[in-house]
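J.: Quick one: structure below, then a few questions.
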């Protein structure tokens, strides 16, 4: 199959890429998930390699963004974070490039299917 999965994270509070945010990729199978990888965003808020490349396959996936840890590390946010781990669950159903970005602040987030 052809296709790829990529992401990037933008810190909307500061108007810049979210450098050093941990994320996990999981494959969803029924009522449980299989951990596929752990990674961190680079200085551009992206992961250096596609999350899925040669191992790309159709199915349901979840990216877990460690938002609370990121904002704590840069010294921002309340003592008790409102957002901790932000899960984005989505389905890959075509042999295309899937780009799943996260726009995030300590109190809100949004995502979309990018290109």
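In my numbering, the protein residues as written are 33 to 147.
Glycine is no exception: its CB is placed at the ideal position from the N, C-alpha and C atoms.
1. Give every residue of the same chain whose Cβ lies closer than 6 Å to the Cβ of residue 90, excluding the five residues on either side of it in the sequence, and list them in chain order.
2. Tell me, please, whether the stretch 75-83 touches the stretch 39-48 by the rule of three or more beta-carbon pairs shorter than 8 Å.
3. Let's test the definition: count the other Cβ atoms within 10 Å of the Cβ of residue 98 and tell me whether it reaches 16, buried, or not, exposed.
4. Would you check if the distance between the CB atom of residue 142 and the CB atom of residue 131 is smaller than 7 Å?
5. Do residue 103 and residue 139 have their CB atoms nearer than 7 Å?
6. Give me the residue from 57, 53 and 81 with the minimum Cα distance to residue 70.
7. With a CB to CB cut of under 7 Å and the five nearest residues on each side skipped, what residues in its chain are close to residue 64?
8. Out of 135, 59 and 52, point me to the one whose CA is closest to residue 101's CA.
9. Buried or exposed: residue 121, going by 16 or more other Cβ atoms within 10 Å of its Cβ?
10. Give the straight-line distance between the Cα atoms of residue 55 and residue 127, rounded to the nearest whole angstrom.
11. Let me check understanding here. Comparing Cα to Cα, which of 88, 48 and 72 lies closest to residue 36?
T.: Once the coordinates are examined:
1. Apart from the 5 residues on each side of it in sequence, residue 90 sits with its Cβ closer than 6 Å to the Cβ of 124 and 125 in its chain, given in chain order.
2. They touch, by the three-pair rule.
3. Within 10 angstroms of the beta-carbon of residue 98 lie 16 or more other beta-carbons, which makes it buried.
4. Contact flag unset, no.
5. Residue 103 is not a Cβ neighbour of residue 139, given a cutoff of 7 Å.
6. For the residues 57, 53 and 81, the minimum Cα distance to residue 70 belongs to 57.
7. Closer than 7 Å at the Cβ level, and outside the excluded window around residue 64, lies no residue.
8. If we check each option's Cα against that of residue 101, 52 comes out closest.
9. Flag for residue 121 reads exposed.
10. Those two C-alpha atoms are separated by around 23 Å.
11. Here the closest residue by C-alpha is 88.
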